[in-house]
């Protein structure tokens, strides 16, 4: 199968809508040039599938469920199922990554079996392991990184039997992850309430960004105070809730500029701004150019 350029498509609950591979082979391979994305990042999102990443050119900052990683070239990361995560450039440096996103059924089938019960489901349900960093100087982690890279290369080559080869590599990867985290897998599962609240607030923003939204409404969506809402956003998103709202509106508007013939005023109104001049001001803050110039420059390119 061809490698895809990563292009995030979310539903109203920040769940990614991308279909991975095919129903018969639920795995997608992606190449991401983060700095070329609309806002220079991959915004907060989550998906049912597992994700494994290897950094091709770093450093890259990846935030996963309250933990920030600054990963260098050659390092990797496992992101668990249904876990909030985002990716950012670091110091405006070029950053490239390869990733595989795949459903657990790829390696354990749909029916109950020993592989699902003993290995896959315990890791998928482990709140203590939302992510696992992989560093090449640690032997077993270097082997895990090699599993990801060889599976990615097989996906790209489409040589005979590549589906079996990818499944075997990802199965070996899971063997390593489970083997080296048995203690964490046996711990009582305690849900991360802070990330649960953050999901609710991000969902509210994504569902209501086109309306007049106040910070009190964002806080109320998670049944917390405004102060706690602001603290949660600063801790995990590194910006205030209203700044995140503005950035999300600009991200949506950038897509509309490229994908529709709507006027600047129409787009301004669609994404929740009252004034075209204020919209242009905020657009310049995040994009370093005006909406009109962005549309012309990107379409010409």
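Numbering (full-length UniProt numbering), first residue to last: 1 to 301.
All C-beta atoms, glycine included, are put in the ideal place defined by N, C-alpha and C.
Values in this document were obtained by computation on a predicted structure and should not be read as measured data.
Residue i versus the options, residue with shortest Cα-Cα distance
i	options	result
residue 126	133, 187, 68	187
residue 206	271, 48, 230	271
residue 129	229, 193, 178	178
residue 133	80, 197, 276	80
residue 139	171, 116, 92, 75	75
residue 65	259, 237, 182, 289	237
residue 211	231, 245, 34, 232	245
residue 102	39, 274, 23	23
residue 150	137, 276, 131, 172	172
residue 78	21, 123, 156	123
residue 82	183, 145, 279, 48	48
residue 73	118, 86, 136, 112	136
residue 259	295, 195, 110	295
residue 92	183, 115, 146, 37	37
residue 117	68, 146, 156, 185	185
Burial state of residue i (16 or more Cβ within 10 Å)
i	result
residue 152	buried
residue 104	buried
residue 202	buried
residue 169	buried
residue 84	buried
residue 160	exposed
residue 7	At residue 7 the pLDDT is 49, less than 50, meaning the model places this residue with poor confidence; the figure from the coordinates comes in the next sentence. Residue 7 is exposed by the Cβ-count criterion.
residue 241	buried
residue 297	exposed
residue 329	Only positions 1 to 301 of the chain appear in this structure, which leaves residue 329 out of reach.
residue 45	buried
residue 198	buried
residue 279	buried
residue 293	exposed
residue 21	buried
residue 34	buried
residue 86	buried
residue 113	exposed
residue 111	exposed
Cross-strand partners of residue i (DSSP beta bridge)
i	result
residue 310	An answer regarding residue 310 cannot be provided, because it is not within the stretch 1 to 301 covered by the chain.
residue 29	100
residue 51	79, 101
residue 196	None, per the DSSP bridge assignment.
residue 265	According to DSSP, which records beta bridges pairwise, residue 265 is partnered with nothing at all.
residue 60	71, 89
residue 132	78
residue 22	25
Contact set for residue i: own chain, Cβ-Cβ below 7 Å, skip 5 residues either direction
i	result
residue 256	262, 267, 270
residue 120	104, 107, 108, 174
residue 225	219
residue 148	52, 54, 76, 100, 173
residue 265	276
residue 176	140, 143, 144
Contact with chain E by residue i, beta-carbon distance below 8 Å
i	result
residue 37	No chain E is present in this structure, which holds just one protein chain.
Cβ-based neighbour list, residue i, same chain, cut-off 8 Å, excluding 5 preceding and 5 following
i	result
residue 221	200, 201, 203, 204
residue 90	58, 59, 60, 61, 70
residue 248	43, 205, 206, 209
residue 189	125, 126, 127, 128
residue 239	233, 247
residue 192	65, 66, 127, 130
residue 229	201, 215, 218, 219, 222, 241
residue 180	140
Cβ neighbours of residue i in the same chain (closer than 6 Å, five flanking residues each side left out)
i	result
residue 154	162, 165, 166
residue 283	250, 291
residue 13	Low per-residue confidence applies at residue 13: pLDDT is 49, beneath 50, and the placement is therefore not dependable, though the value from the model is reported in the following sentence. Excluding residues within five positions, the ones whose Cβ falls inside 6 Å are 203.
residue 289	none
residue 88	41, 61
residue 252	271
heavy atom of the ligand HEM below 7 Å from residue i C-beta
i	result
residue 292	By its list of ligands, the structure shown contains no ligand whatsoever, and the ligand HEM lies outside what it can speak to.
Check your understanding: Would you call the segment 19–30 and the segment 56–70 touching, i.e. three or more CB-CB distances under 8 Å?
Key -> No, because fewer than three Cβ pairs between the segment 19–30 and the segment 56–70 fall closer than 8 Å, the two stretches do not touch.
Practice item. Inspect the CB distances between the segment 79–98 and the segment 37–54 and report whether three or more fall short of 8 Å. Key: Judged by Cβ distances under 8 Å, the segment 79–98 makes contact with the segment 37–54, as three or more pairs qualify.
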